[in-house]
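Residue numbers (my numbering), protein chains in the order written: chain P, 1 to 498; chain W, 1001 to 1369. All C-beta atoms in this analysis are idealised placements derived from N, C-alpha and C, irrespective of residue type, glycine included. Presented below is the structure to which this report refers.
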Amino acid sequence: MSPKSLTPRLQDLKTEIEGHAKDFGLDCFETVFEVLSYDELNMVAAYGGFPNRYPHWRWGMEYEQLSKGYEYGLSKIYELVINNDPCYAYLLESNAEVDQKLVMAHVFGHCDFFKNNFSFAHTNRRMIDEMANHATRVRRWVDKIGVDKVEDFIDRALSLENLIDYHSPYIRRNPDPKRAEEESKSNERVEGFKVNREYMRGFVNPREFMEEQRKKVEEQKLKAKKFPERPQRDVLLFLLEHAPLEAWEFDILAILREEAYYFAPQGQTKIMNEGWASYWHSSIMTQRALKDHEILDYADHHSGTMGTRPGALNPYKIGIELFRDIEDRWNKGRFGKEWDECDDLRARRAWDRKLGQGREKIFEVRKHYNDVTFIDTFLTPEFAIEQKLFVYGFNEKRNAWEIMDREFRKVKNKLLLQLTNFGQPIIEVVDGNHDNRSELLLAHKHDGQDLKADYARETLKNLQSLWRRPVNVITRFDGKGVMLRHDGQNQSEKKVEL
Amino acid sequence: MSLKIHQDHSRFKEIVRGKIKANLKKYVQKGEMLGKRGKDLISIPVPFIDVPHFKYGHKEQGGVGQGEGEIGQQLAPGSVQPGAGHQAGQGEGEHALEVDVSLDELAQILGEELQLPNIERRGRERIITQKIKYTGINTTGPESLRHFKRTYKRALQRQIAMGAYDPSVPVVIPTREDRRYRSYKLQTLPETNAVILYMMDVSGSMGDEQKEIVRIESFWLDTWLRHQYKGIECRYIIHDAVAREVDRDTFFHTRESGGTMISSAYKLCKEIIKADYPAGSWNIYPFHFSDGDNWSADDTRNCVEMLRNDILPAVNQFAYGQVESPYGSGQFIKDLRESVGELDNVALSEIADKDAIYQSIKDFLGRGK
């Protein structure tokens, strides 16, 4: 790839747009734009935004789809920006000037978000280099081990890549080991209730009771020996620590895990991130950068990005509208106890305390929220009606998707459910020595949605090949507890009581 | 310029190729109906290649959408995108992946899977002719190919741009950089010629299903032979009691009624070969499909005679495929087997149903004739 440096004209545009962004208070990393031809852009997009990734066929598949989409005129990548310091972003060589401006303005929005949103605080800001290192490391293993083996391993490991703990960068799940030790010590002796007079002991703590207590303590001890001590969500980490992996397998799995963690915040803030960037491209373009003759093209492309379809939620649209709504509410003081308790529709409609805190508020929101908390906190019934949100579902009888409900509670719950844990099922390692036979036991925390069964079986097979001993996962299909099992040769399942 | 991703891309294509190969039997049964067809490309739906994850079954999931509509109103088909909202652009889902495969590549896959030998062309020294074609303009070349008009234009442009052009003294002097030359390419003309003669029985006993089998099989035969020969011709003959030559479309869609006189087709075939395809310079492949219910033993004798004396000496391989019809399978293939079955440029195959097409292609093409 040969990135072309910006033409003087584009350089001027960049300086101009960057100036506007700063004026508005955006706080970005240094941003580097590179101009690429469309096939180069497709390549970078297929690589997830990076110029260099480890060798794998699925980039090729992405590339094929993107290229076809472009060639048939179905889709076109507008912006591509990497969370890195400096921030890298790409411009399509053949885009018109107004598009380049739009993309730049949008990119500065993302860049500000990357730098300031808390979700990204723990991400590696030198990821471009890191990705290149990963590529080199994997290539080296390919040279040593052989391409088929490595590719096969990556295929299997990738199928587990979503089994990470999306929240782990922010909280400590494992309790302090010292405290745990003390606790277990204090539990060692079996004591009954406190007895003041020795002769009462037999009545206060009868033998059967003491026996029960002893059993309880023993059970607790047994539990302590169980590993992991408590369910572990970071299945990949558990595998790294306990699965009998060879050195190269360990290395590759660690690479995949690191990359999964790097990309996780982008999935957790899709709505906010795109909404924020769209808000700013719209503000910068319409208030500052647009020339008269560019308005039609801008409007065309802006509305293209904001377009909605009934069966999919456009994160750009919902994000920008929500940010605008928040700004409007805080400008007019439509929040707080008084507002919440006001039932008078007319008063509500006319409500304007002229607080003017909107801008300030949205900057605060972009710092401290992710999609889940964003929707949870700021999605209002009025907003849901205005944006015509609805819940859709599959009607088995008519064999079609249809609109199910427009009630605010249901819309919001569905939306939150979709966003929680990145829209992925929560699956934890419960026991690494299941049945005392070194089998692996996972449990799916069922939240009302079944797993896709065929995928689950395939995934289990892949997991087994890493763990080498039989693996099991407990989940629920149609309300009944099921334990899926793969022992390396055979797939089986049995009913379990939950 | 080569991009880094081309490695991954070609690896992906290899995998797709493997998938096609693995599912070839299924595709063979579908023949030309298996996908949209362009001029040289055919797009084949292969099962979406996906890395399995623990994930929600999509139908369980439903989601939140945006827009007008009453409760209970159906969403337009295709408007629900799996994984909507989170992974935009990650085309996940149960849809099949459409991949473009060139017919040439498809033939290769067919060849590998069925282990078809390359066809040995009939020994004859064909002169490979090369033709020069002027295809463009270049900045270098021999003086004899200089393009005067273009050269003059360049020179004029340059002089005007430099301000060195004086309309009152219109002298234009080209420099080395102004010169333009015609560039050419060498084209090789088809080195061998080949013709496929399709014959089909369209008598009353050949139903639509039988015809479909013929159509599918002929698609694959076509594909393979086209892969082996550049520039191949096809001729189509239908017959019941009389034979006539038709175009491709009619060939596959006519339904006649009446009896079957196979000799009529062979006679026409013989005449076509004699008139248009002198055996010395053509590779000739007659394929005949019928349900084998010939009118009379006399007629069959007549056919065998014609095959022996006129057709077989002229062609690379004569192939007869007997399609099983609702009225059972006829006698003809047995008669042929007894009379000419021993000859090594005769291929006979019985095609009971669509599943048998696969084997039949092998019967026909497996000898490398």
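Legend entry - Sufficient close CB pairs (3 or more, under 8 Å) joining the segment 468 to 481 of chain P to the segment 13 to 26 of chain P: no
Inset, instruction - Could you tell me if Val204/P is buried or exposed, where buried requires 16 or more neighbouring beta carbons within 10 angstroms of its beta carbon? - result: exposed
Inset, instruction - Could you tell me the distance, in whole angstroms, from the CA atom of Lys369/P to the CA atom of Phe323/P? - result: The residue you asked about is not Lys; residue 369/P is Tyr in the sequence shown. Each residue's Cα considered, the two are about 12 Å apart.
Inset, instruction - Specify, as a first and last residue, the run of the beta strand (DSSP E) that Phe394/P falls within. - result: 389 to 395
Legend entry - Partner residues on chain W for Phe390/P, Cβ-Cβ distance less than 9 Å: Val1064, Gly1065, Gln1066, Gly1067, Gly1069, Ile1071
Inset, instruction - Could you check the C-alpha separation between Gln582/P and Asn273/P for me, to the nearest Å? - result: Here chain P covers residues 1 to 498 and nothing more, so residue 582/P does not appear.
Inset, instruction - Measure from the alpha carbon of Cys111/P to the alpha carbon of each residue in Arg437/P, Gln387/P, Arg366/P, then state which is nearest. - result: Arg366/P
Inset, instruction - Label Arg398/P either buried or exposed according to how many other C-beta atoms from any shown protein chain fall within 10 Å of its C-beta, with 16 as the threshold for buried. - result: exposed
Inset, instruction - Inspect the beta-carbon positions of Ile1109/W and Lys1230/W and report whether they are closer than 8 Å. - result: no
Legend entry - Anticipated Cβ contact below 8 Å, Ile403/P with Leu1075/W, distance rounded: 7 Å
Inset, instruction - May I ask you to report which of helix, strand or coil DSSP gives Arg1182/W? - result: strand
Inset, instruction - Specify, as a first and last residue, the run of the beta strand (DSSP E) that Lys452/P falls within. - result: Counting along the chain, Lys452/P falls outside any beta strand (DSSP E), and DSSP gives it neither H nor E.
Inset, instruction - Return the CA-CA distance between Lys332/P and Ile318/P, expressed in angstroms with no decimal places. - result: 21 Å
Legend entry - Rounded C-alpha distance that separates Asp1178/W from Gly73/P: 38 Å
Inset, instruction - Just grab the DSSP bridge partners of Ser492/P for me. - result: Arg485/P
Inset, instruction - At 4 residues or longer, and completely inside the segment 1296 to 1360 of chain W: list those alpha helix (DSSP H) runs for me, N to C. - result: 1297 to 1306, 1332 to 1340
Inset, instruction - Following the continuous alpha helix (DSSP H) through Val235/P, name the residue where it begins and the one where it ends. - result: 235 to 242
Inset, instruction - Give me the Cα-Cα distance between Val1242/W and Leu1197/W, rounded to the nearest whole angstrom. - result: 17 Å
Legend entry - N-terminal and C-terminal residue of the alpha helix (DSSP H) that Thr15/P is part of: 8 to 23
Inset, instruction - Examine chain P for any beta-carbon lying closer than 8 Å to the beta-carbon of Ile1232/W, and answer yes or no. - result: no
Legend entry - Opposing strand residues paired with Phe33/P [DSSP bridges]: Ala89/P
Legend entry - Neighbour list for Thr377/P in chain W, Cβ cutoff strictly below 9 Å: Residues of chain W passing the Cβ test: none, with the nearest at roughly 17 Å.
Inset, instruction - Using a cut-off of 7 Å between C-beta atoms, extract the partners of Asp148/P located in chain W. - result: Under the 7 Å cutoff, chain W gives no residues; its nearest Cβ is about 11 Å from Asp148/P.
Inset, instruction - Report yes if the C-beta distance between Gly1292/W and Ile1333/W is below 8 Å; otherwise report no. - result: yes
Legend entry - Which residues DSSP lists as bridging His434/P, in chain order: Glu439/P
Legend entry - Backbone CA spacing between Trp339/P and Arg348/P [nearest angstrom]: 8 Å
Legend entry - Whole-angstrom distance between Asp1335/W and Ala1297/W, CA atom to CA atom: 9 Å
Legend entry - Residues near Asp1008/W by beta carbon distance below 6 Å, same chain, minus five either side: none
Inset, instruction - Grab the span of the alpha helix (DSSP H) containing Val107/P for me, first residue to last. - result: 97 to 116
Legend entry - Contained beta strand (DSSP E) runs [length at least 3] in the segment 1180 to 1262 of chain W, N- to C-terminal order: 1181 to 1188, 1193 to 1201, 1232 to 1239, 1243 to 1246
Inset, instruction - Assign Gly267/P to one of three DSSP states: helix, strand, or coil. - result: helix
Inset, instruction - Identify the continuous beta strand (DSSP E) that holds Ala499/P and give its terminal residues. - result: In this structure chain P extends from 1 to 498, so residue 499/P is not present and cannot be described.
Legend entry - As assigned by DSSP and simplified to three states, the class of Val1172/W: coil
Legend entry - Simplified DSSP assignment, three categories, for Ser1010/W: helix
Inset, instruction - Check the Cβ-Cβ distances between Thr31/P and every residue of chain W, and say whether any is below 8 Å. - result: no
Inset, instruction - Following the continuous beta strand (DSSP E) through Gln424/P, name the residue where it begins and the one where it ends. - result: Here Gln424/P belongs to no beta strand (DSSP E), and DSSP marks it neither H nor E.
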